[in-house]
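*Asks:* Chains as they are written, first to last, in my numbering: chain A, 3 to 265; chain B, 3 to 265.
Backbone N, C-alpha and C fix where the C-beta goes; we use that ideal spot for every residue, glycine too.
There are 2 protein chains.
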Amino acid sequence: MSPTDRIRDHAGQGAATTVAAHRSRRRLRADRARQLADLLRRQLLTGAFPDGALPHESTLAAEYRASRNTVRQALDLLRHEGLVERQPGVGTLVVARKYPHGLDRLMGLAETLREHGRVTNEVRAMGPVPAPAPVAERLQVPSGTDVLCIERLRRLGGLPLSLDITYIPLDIGTELLGADLENTDVFRLLEAVTGQPLGHAEVTLEAVNADAHSAGVLEAPRGAAVLMLERLTHLADGRPVDLEFIRFRGDRITMSGLLHRSL
Amino acid sequence: MSPTDRIRDHAGQGAATTVAAHRSRRRLRADRARQLADLLRRQLLTGAFPDGALPHESTLAAEYRASRNTVRQALDLLRHEGLVERQPGVGTLVVARKYPHGLDRLMGLAETLREHGRVTNEVRAMGPVPAPAPVAERLQVPSGTDVLCIERLRRLGGLPLSLDITYIPLDIGTELLGADLENTDVFRLLEAVTGQPLGHAEVTLEAVNADAHSAGVLEAPRGAAVLMLERLTHLADGRPVDLEFIRFRGDRITMSGLLHRSL
Chain A
3 MSPTDRIRDH AGQGAATTVA AHRSRRRLRA DRARQLADLL RRQLLTGAFP
53 DGALPHESTL AAEYRASRNT VRQALDLLRH EGLVERQPGV GTLVVARKYP
103 HGLDRLMGLA ETLREHGRVT NEVRAMGPVP APAPVAERLQ VPSGTDVLCI
153 ERLRRLGGLP LSLDITYIPL DIGTELLGAD LENTDVFRLL EAVTGQPLGH
203 AEVTLEAVNA DAHSAGVLEA PRGAAVLMLE RLTHLADGRP VDLEFIRFRG
253 DRITMSGLLH RSL
Chain B
3 MSPTDRIRDH AGQGAATTVA AHRSRRRLRA DRARQLADLL RRQLLTGAFP
53 DGALPHESTL AAEYRASRNT VRQALDLLRH EGLVERQPGV GTLVVARKYP
103 HGLDRLMGLA ETLREHGRVT NEVRAMGPVP APAPVAERLQ VPSGTDVLCI
153 ERLRRLGGLP LSLDITYIPL DIGTELLGAD LENTDVFRLL EAVTGQPLGH
203 AEVTLEAVNA DAHSAGVLEA PRGAAVLMLE RLTHLADGRP VDLEFIRFRG
253 DRITMSGLLH RSL
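In structure tokens, the structure reads:
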């Protein structure tokens with residue numbers, strides 16, 4: 003190896019080290035920005051900024067012992083989630099609110115969000131359909147029997163919140179046909195029609211990207227994160243009466259509950 | 003209005019009617035495709051296709067009384083979610099599996115997924131940090147006191163499953179520094195270190211789009227839907243000891259539980 007090669011080699015290593023150090027710094031900042039965004043998201047969701055504005059970047063930087071760049075990156079993450087808007091000369095404003103949906107008790111949407119505003123339902127489609135095998139099986143009706151299928155777009159204070167598909171056995175479903183579905187939870191109607199309270203529900207939650215059509219209906223960007231809830235609700239006597247597939251806008255809802263170590 | 007105008011007008015109306023009818027058909031097909039996709043997703047997640055292949059399009063069309071176009075569109079939705087792949091001449095193959103995480107009992111990831119494979123943890127960062135106010139408040143330590151912060155990438159059978167940030171009070175955290183965090187749930191370690199079982203946890207679930215950096219770490223596409231879990235876990239004696247922010251890949255996990263109408 004000639005001296006020149008050695009110098010070139012050394013210079014190359016130096017450059018590589020600088021790039022690696024730079025990458026590592028960038029990675030660390032991205033990690034710290036995410037950590038800060040998680041803390042601010044929590045503050046935001048629990049109403050810690052009642053006047054609708056976040057503290058100034060420099061205040062946040064001091065409070066969270068972070069660099070201004072990290073703070074900016076964290077606020078940018080929240081902006082991408084649609085939770086805040088940044089206005090030059092004004093600051094960072096809270097623009098979206100997420101509503102808490104309980105995971106501890108089986109409740110309809112209007113019941114659970116009563117204190118946050120009025121839930122209205124746009125019935126997009128409603129009518130009997132032959133039950134596909136997986137629906138029939140879960141509702142314990144013979145495959146191919148007609149069940150009532152209802153598709154609703156649900157709004158809170160006029161803003162789209164969820165897109166729900168509901169399957170109900172037809173003997174109960176028929177009695178719902180004349181009901182005020184626009185303003186009443188199906189849960190309430192099921193209890194009124196059957197004369198017994200609901201018992202329990204099996205629920206499954208997933209996060210999925212909204213397909214173009216669902217996004218359009220929910221007035222959300224294509225690919226927006228959606229909280230999918232599948233719920234099979236039983237009457238108090240155990241009969242399954244309500245199979246639902248609900249797409250909640252991810253930027254409008256949170257699900258909260260209490261878990262215990264031992265049952 | 004001249005006869006020509008009348009004809010033109012009539013033709014215009016006809017065209018409008020045709021466009022509206024076409025739109026309505028397309029909307030209906032999109033609705034039906036989504037409904038079918040929801041049913042197939044459920045089948046897929048509960049292992050209804052044990053040989054890893056979905057039935058042929060024409061079989062699905064007959065079974066679900068849907069048109070071939072609706073079936074194709076439904077399969078396309080599942081493909082976009084990363085759940086199936088469509089191979090010409092072969093058919094529709096299940097390519098991703100979602101793992102069930104219980105919502106009924108407080109459990110660590112390795113515990114809950116034991117039957118599905120081995121959970122390993124890559125510790126990306128670990129060390130004391132001054133507790134930011136929202137962390138200090140929830141862990142009931144004075145603001146600015148050092149807490150242990152751990153960032154882990156968790157894998158099941160080698161595949162990235164979640165990115166976790168964990169904050170633990172330092173008196174307990176210090177004892178975790180030498181522990182086998184690569185192969186052990188923090189829950190298990192907390193119980194071993196404190197000599198008492200965990201009690202309960204407050205959890206909040208959200209669906210968010212992954213930021214570029216989180217997506218990179220999780221090896222998911224940018225913007226992929228992520229199931230965010232915030233969890234504050236308490237010891238049996240009530241002391242809060244573990245605040246976590248967990249990003250689960252939406253295409254790898256579901257959360258399931260049982261809800262009751264009355265508590």
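1) Provide the residue span of the alpha helix (DSSP H) that contains Ala64 of chain A, from first to last.
2) Per DSSP, which one or two residues make a beta bridge with Ala203 of chain A?
3) Can you find a C-beta in chain A that's less than 7 Å from the C-beta of Val228 of chain B?
4) Could you tell me how far apart the beta carbons of Leu95 of chain B and Ala39 of chain B are, in whole angstroms, since I believe they sit closer than 8 Å?
5) Hey, could you find the ends of the beta strand (DSSP E) Pro162 of chain A is sitting in?
6) Report, in whole angstroms, the separation of the C-beta atoms of Leu163 of chain A and Arg254 of chain A, which I expect to be a contact under 8 Å.
7) Quick one, are the C-beta atoms of Leu237 of chain A and Val243 of chain A less than 7 Å apart?
8) Apart from the five residues on each side of it in sequence, which residues of its chain come closer than 8 Å, Cβ to Cβ, to Leu183 of chain B?
9) Looking at chain A, which residues of the region 28-49 of chain B have a Cβ within less than 7 Å of any of its Cβ atoms?
10) Starting from Leu229 of chain B, follow its DSSP beta bridges and name the residues at the other end.
11) Run down chain B in chain order and give the residues with a C-beta less than 9 Å from the C-beta of Ile167 of chain A.
12) Check whether chain A comes within 7 Å of Phe51 of chain B, counting only Cβ atoms and requiring the distance to be less than that.
13) Using Cβ-Cβ distances below 7 Å, what residues of the region 176-196 of chain A are close to chain B?
14) Please name the residue in A:Gln89, A:Phe247 and A:Met109 whose C-alpha comes closest to that of His202 of chain A.
15) Just the Cα atoms here: how many angstroms apart are Ala98 of chain B and Gly84 of chain B?
16) Please report the distance separating the alpha-carbon of Leu158 of chain A from that of Ala112 of chain A.
17) What residue from B:Gly160, B:Glu59 and B:Gly146 has the CA that sits closest to Tyr66 of chain A's CA?
18) Closer than 9 Å, Cβ to any Cβ of chain A: which residues of the region 225-250 of chain B, in chain order?
19) Using a beta-carbon distance below 7 Å, is Pro90 of chain B in contact with chain A?
20) Can you name the start and end residues of the alpha helix (DSSP H) that Thr114 of chain B belongs to?
21) Distance, Cα to Cα, Leu245 of chain B vs Ala68 of chain A?
22) Give the straight-line distance between the Cα atoms of His215 of chain B and Asp78 of chain B, rounded to the nearest whole angstrom.
23) Using a Cβ-Cβ cut-off of 7 Å, state whether Pro57 of chain A counts as contacting chain B.
24) With distances taken Cα to Cα, identify the nearest neighbour of Leu42 of chain A among B:Gln75, B:Ser60 and B:Glu232.
25) Mapping the DSSP letters down to three states, classify Glu221 of chain B as helix, strand or coil.
26) For the alpha helix (DSSP H) that Leu192 of chain A lies in, which residues bound it at each end?
27) Could you give the C-beta distance for Asp106 of chain B and Gly259 of chain B, rounded to a whole number, given that I count them as a contact under 8 Å?
28) Should Leu150 of chain A go down as buried or exposed, given a rule of 16 or more other Cβ atoms within 10 Å for buried?
29) With a threshold of 8 Å on Cβ separation, who are the neighbours of Gly160 of chain B within its own chain once the five nearest residues in sequence on each side are excluded?
30) In whole angstroms, what separates the C-alpha of Gln75 of chain A from that of His58 of chain A?
31) Using a Cβ-Cβ cutoff of less than 7 Å, which residues in the same chain neighbour Ala35 of chain B once the five nearest sequence positions on both sides are dropped?
32) Flag Met257 of chain B as yes if its beta-carbon sits less than 7 Å from any beta-carbon of chain A, otherwise no.
33) Among the residues of its own chain, which have a CB less than 7 Å from the CB of Glu208 of chain B, if the five just before and after it don't count?
34) State the start and end residues of the unbroken beta strand (DSSP E) segment that holds Leu77 of chain A.
35) Can Thr206 of chain A and Thr256 of chain B be called in contact, C-beta distance under 7 Å?
36) Given a threshold of 16 other Cβ atoms within 10 Å of its Cβ, counted over all protein chains shown, does Val188 of chain A qualify as buried or as exposed?
*Replies:* Judging by the given coordinates:
1) Start and end: Glu59 to Glu65.
2) Paired residues: A:Thr235 and B:Leu261.
3) Interface residue, yes.
4) Rounded to the nearest angstrom, the Cβ distance from Leu95 of chain B to Ala39 of chain B is 16 Å, too far for a contact under 8 Å.
5) Per DSSP, Pro162 of chain A belongs to the beta strand (DSSP E) from Leu161 to Pro171.
6) Contact holds; Cβ gap of about 5 Å.
7) Using a Cβ distance threshold of 7 Å, Leu237 of chain A and Val243 of chain A count as a contacting pair.
8) Around Leu183 of chain B: Asn123, Val125, Met128, Ile152, Arg154 and Leu191.
9) Taking 7 Å as the Cβ-Cβ cut-off against chain A, the residues of the region 28-49 of chain B that qualify are Ala32, Asp33, Arg36, Gln37, Asp40, Leu41, Arg44 and Gln45.
10) Leu229 of chain B pairs with B:Ala209 and B:Phe250.
11) Annotation: Cβ neighbours of Ile167 of chain A in chain B (cutoff 9 Å, chain order): Asp33, Arg36, Gln37 and Asp40.
12) No, because no Cβ of chain A sits closer than 7 Å to the Cβ of Phe51 of chain B.
13) Taking 7 Å as the Cβ-Cβ cut-off against chain B, none of the residues of the region 176-196 of chain A qualify.
14) Closest option to His202 of chain A, judged by alpha-carbon separation, among A:Gln89, A:Phe247 and A:Met109: A:Met109.
15) Their backbone Cα atoms lie some 7 Å apart in a straight line.
16) Distance from the CA of Leu158 of chain A to the CA of Ala112 of chain A, rounded to the nearest whole angstrom, comes to 9 Å.
17) The residue with the shortest Cα to Cα distance from Tyr66 of chain A is B:Gly146.
18) Listed by position along the chain: Gly225, Ala226, Ala227, Val228, Leu229, Met230, Glu232, Arg233, Thr235, Ala238, Phe247, Arg249 and Phe250.
19) Interface criterion not met: the Cβ of Pro90 of chain B is under 7 Å from no Cβ in chain A.
20) Residues Leu111 to Thr114.
21) If you draw a straight line from the Cα of Leu245 of chain B to the Cα of Ala68 of chain A, it is about 20 Å long.
22) Looking at the backbone, the Cα of His215 of chain B and that of Asp78 of chain B are separated by about 27 Å.
23) Under the Cβ distance rule, Pro57 of chain A does not count among the residues neighbouring chain B, no pair being separated by less than 7 Å.
24) Relative to Leu42 of chain A, the option among B:Gln75, B:Ser60 and B:Glu232 whose CA is nearest is B:Glu232.
25) Three-state DSSP puts Glu221 of chain B in coil, outside helix and strand.
26) Start and end: Val188 to Thr196.
27) Confirmed, about 5 Å.
28) Per the 10 Å Cβ criterion, buried.
29) Contacts found: Thr122.
30) Whole-angstrom Cα-Cα distance: 14 Å.
31) Excluding sequence neighbours, Ala35 of chain B sits near Thr72, Gln75, Ala76 and Leu79.
32) Chain A, which has a Cβ nearer than 7 Å to the Cβ of Met257 of chain B, makes this yes.
33) Result list for Glu208 of chain B: Met230, in chain order.
34) No beta strand (DSSP E) holds Leu77 of chain A; the alpha helix (DSSP H) holding it covers Arg70 to His82.
35) Contact: yes.
36) It is buried - the Cβ of Val188 of chain A has at least 16 other Cβ atoms within 10 Å.
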